[in-house]
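Structure representation (structure tokens):
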């Protein structure tokens with residue numbers, strides 16, 4: 654059995670062209686250079702701040718809201734079965750817990766009615 658070396662998600666080769674391999678880090682660096690991550694980064698910071706505020710308020714998401722969001726996500730990405738979803742996540746170095754955390758942050762960001770002011774953190 655051939656042993657494979659563990660790879661960081663950033664070192665994962667995501668495409669190749671003309672003998673040149675490009676990693677996830679290369680793709681992220683290119684997006685940063687082109688200014689394409691600013692909006693997504695700010696959305697993420699808002700979601701994290703909303704989750705923090707929900708924790709302070711001791712707010713819990715409804716189970717049906719999270720399962721509905723999971724179903725909508727699976728439909729959007731054409732993931733019919735739970736196994737397909739798990740494989741999709743694994744291919745991206747994510748777990749079902751990561752998926753649930755993402756859906757929870759999305760829920761809080763879209764349902765908290767008060768103004769959420771995220772921390773200003775630069776990505777690097």
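Residue numbers (our numbering): 654 to 777. Where is the CB? At the ideal position from N, CA and C, for every residue including glycine.
Reduced DSSP secondary structure (H/G/I, E/B, other) of residue i
i	result
residue 657	Unreliable positioning characterises residue 657 in this predicted model, as indicated by a pLDDT of 46, which lies under 50. The coordinate reading is nonetheless provided below. Note: residue 657 maps to coil in three-state DSSP.
residue 676	strand
residue 701	helix
residue 667	strand
residue 778	Coverage of the chain is limited to positions 654 through 777, which leaves residue 778 absent and any answer about it impossible.
residue 768	coil
Cut-off 8 angstroms between Cβ atoms - residues of its own chain near residue i, not counting five sequence neighbours on either side
i	result
residue 733	727
Anticipated Cβ contact below 8 angstroms, residue i with residue j, distance rounded
i	j	result
residue 703	residue 769	5 angstroms
residue 665	residue 683	Wrong, their Cβ atoms sit about 15 angstroms apart, outside the cutoff.
Proximity below 7 angstroms, CB of residue i to CB of residue j
i	j	result
residue 707	residue 761	yes
| message | With three or more C-beta pairs closer than 8 angstroms as the rule, is the stretch 683-697 touching the stretch 743-757? | response | no
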